[in-house]
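In UniProt numbering, the protein residues as written are 1 to 356.
Have a look at this one:
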């Protein structure tokens, strides 16, 4: 049986709330049912939009590791008329009463077909219907009332191949794709498409446009089957350092509690938060003691996905001291930081009296 332990942070939180209720805390006149309002804050460059008033993330962006569900819809009418010929497409010209003139050719690099009696015809960019009308005009100068039609075997073949490929899966006309570490995902017919950093709507629109280019009438609906993107990292003097999934914005206090609370050696008045802003990692110091005092003046500092929360052992006064403590933690855990943390990014140290 696992023995439960009470961490200093959890104990302090309980005592703080009891102090308020019993009238011996910073609000000695707090009556039953009375409410104390706490404001929210975060990094300066995110304050305008985060945290949101509805307590949700502003929007979700696809990240490596996400599992996307792609649902394909093949429209039954009008696709071939919208299909535009391109170089290397196979085109069949069929004469109803003169089958000896039938031709099946690939569109040449110059966009041309070479046909009996009329010679070179530029077909690139035309639909099968447009080409049929054009050929009837030209052959009308050679034959009386020519009856012919144009087909694109490649169009039907692509649809058949797509349906056959998708139906090998148990999900019908859909496919699950995983976003790779390089930000790309592999889609049927398209191959690799970069989707990381895009919203689901943006990725969906990009896929529709790409599929329309090669197979008119084919549309997709993109769904987020599984996400790995909403993760925060809590390390330092906490009971269970590691990564934690979050489904909505949470405060630093909640993040530390998720990690089992702080240890006896934690300096809660000097918790450091890292956040990536473009190509920089911005660090700021927040004071958990202010929140624990429950004086109603200290705002809750809110975390975003990918934020790193570091609970130090001593009060942090400089960036050098901060990096020294972090290196000690990483080396103690057997992680190699090569003398430099987050090698690909520039640090900015905000050593203000930020209040949590």
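Note that beta-carbon positions come from the ideal geometry of N, C-alpha and C, so glycine has one too. Predicted model, so just to flag it, every value in this text is computed and none were measured.
>> For the pair the segment 243 to 258 and the segment 298 to 308, tell me if three or more CB-CB distances fall below 8 Å.
In response: Touching, per the Cβ criterion.
> Using the rule of at least 16 other Cβ atoms within 10 Å of the residue's Cβ for burial, across every protein chain shown, is residue 261 buried or exposed?
Replying inline: Residue environment: residue 261 is assigned as buried (16 or more neighbouring CB atoms within 10 Å of its CB, all protein chains considered).
>> Please report the straight-line C-alpha distance between residue 280 and residue 219, rounded to a whole angstrom.
In response: For residue 280 and residue 219, the gap between their C-alpha atoms comes out near 38 Å.
>> Which residues does DSSP list as the beta-bridge partners of residue 222?
In response: Answer is 70.
> When DSSP builds the beta bridges, which residues end up paired with residue 97?
Replying inline: According to DSSP, residue 97 bridges with nothing at all.
> Contact check, residue 396 vs residue 58 under 8 Å by CB: the rounded distance?
Replying inline: As displayed, the chain neither begins before 1 nor continues past 356, which places residue 396 out of reach and without an answer.
> Considering only the beta carbon of each residue, do residue 66 and residue 229 sit closer than 8 Å?
Replying inline: Cβ distance < 8 Å, so residue 66 and residue 229 count as in contact.
> By how many angstroms is the C-alpha of residue 270 removed from the C-alpha of residue 18?
Replying inline: With a pLDDT of 44 at residue 18, under the threshold of 50, the predicted position of this residue should be treated as unreliable, though the coordinate-derived value follows. Distance between the alpha carbons of residue 18 and residue 270: 24 Å.
>> Please identify the residue among 34, 95, 38 and 31 whose C-alpha is closest to the C-alpha of residue 292.
In response: In terms of Cα proximity to residue 292, the closest of 34, 95, 38 and 31 is 38.
>> One question on the structure: do residue 238 and residue 273 come within less than 8 Å of each other, judged by their Cβ atoms?
In response: Contact: no.
> Quick one: Cα of residue 176 to Cα of residue 246, how far?
Replying inline: C-alpha separation (whole angstroms): 23 Å.
> Which value, in whole angstroms, describes the spacing of the CA atoms of residue 42 and residue 184?
Replying inline: Near 31 Å, if we compare the C-alpha coordinates of residue 184 and residue 42.
> Between the C-alpha atoms of residue 236 and residue 289, what's the straight-line distance to the nearest angstrom?
Replying inline: Rounded to the nearest angstrom, the gap between the Cα atoms of residue 236 and residue 289 is 17 Å.
> Where does residue 140 land, buried or exposed, given buried means 16+ other C-beta within 10 angstroms?
Replying inline: Within 10 angstroms of the beta-carbon of residue 140 lie fewer than 16 other beta-carbons, which makes it exposed.
> CB-CB under 8 Å to residue 190, same chain, minus the five flanking residues each way: which ones, in chain order?
Replying inline: Beyond the five residues adjoining it in sequence on each side, residue 190 comes within less than 8 Å, by CB distance, of 207, 210, 211 and 214 in the same chain, given in chain order.
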